[in-house]
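Protein chains in written order, with our numbering: chain A, 135 to 249; chain B, 461 to 571.
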């Protein structure tokens, strides 16, 4: 079975540029999560969707960050303009539902470096 | 608010020895508890979850976890460690619709 697919796996760009990260969740999963992982702050939840609708974006650090889920099989996380402090590994995860006992399935992440 | 704590940043164990990675939690109501593992340059992988009523939970790769309500703990265990078990392990608890992850414990298994 195909897992969660993220692209690109690596992104290096200069500060000020727009960055778009992409995610394809597991087919049949109704919930999608975006996380950021750094050594300093660990794993942080940025935003999550249920049935393509954003439920909670309180973890989005600034207005420079935005996320969309136009359909059940695709989501994007955009940073515009990017800054060096945005450098991190960004993970997308999906689950069957938001029910409490449903585990999340993670993609392998996008390693983002902002120069 | 729900929370989890992993008191050890790192655990070292010799191959073939039993391993334990500790986790304590704070929840109101019935807890939904999970363990995940992360290998280098990979995403988190689900290992096991606590289901109400089963104090010993079995999961992937020979791992199991012991739920102790009186000690509010959910420690991850394996009877015989493998070098390939070396990874970063996360305990997690559901809080509403969110999953709260611990800071992670790095496990080193020495041959």
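Backbone N, C-alpha and C define an ideal beta-carbon position, used for all residues, glycine too.
- Cβ contact annotation for residue 210/A (same chain, cutoff 7 Å, sequence separation greater than five): 154, 155, 156, 201, 202, in chain order.
- In this structure residue 461/B does not touch residue 499/B by the C-beta definition: roughly 30 Å separates them, more than the 8 Å allowed.
- The three-state secondary structure of residue 138/A, taken from DSSP, is coil.
- Looking at the backbone, the Cα of residue 158/A and that of residue 489/B are separated by about 34 Å.
- Annotation for residue 178/A: the continuous beta strand (DSSP E) segment containing it runs 176 to 184.
- Nearest CB-CB separation between residue 150/A and chain B: not below the 8 Å threshold.
- Not one beta carbon of chain A lies nearer than 8 Å to the beta carbon of residue 513/B.
- Only those residues of the segment 505 to 534 of chain B whose C-beta falls short of 8 Å from the nearest C-beta of chain A are listed: 505, 506, 509, 511.
- Taking 9 Å as the upper bound on Cβ-Cβ separation, chain A lies near residues 550, 552, 554, 556, 557, 558, 559, 560, 561, 562, 563, 564 of the segment 543 to 565 of chain B.
- Chain-order list of chain B residues neighbouring residue 181/A: empty, with the shortest C-beta distance near 11 Å, by a criterion of under 9 Å.
- Per DSSP, reduced to three states, the secondary structure at residue 543/B is helical.
- Under the Cβ distance rule, residue 494/B counts among the residues neighbouring chain A, one pair being separated by less than 8 Å.
- One alpha carbon belongs to residue 164/A, the other to residue 227/A, and they sit about 11 Å apart.
- Taking C-beta separations shorter than 6 Å and ignoring five residues to either side along the sequence, the partners of residue 562/B in its chain run 464, 466, 550, 551, following chain order.
- For residue 481/B, the enclosing beta strand (DSSP E) covers residues 479 to 481.
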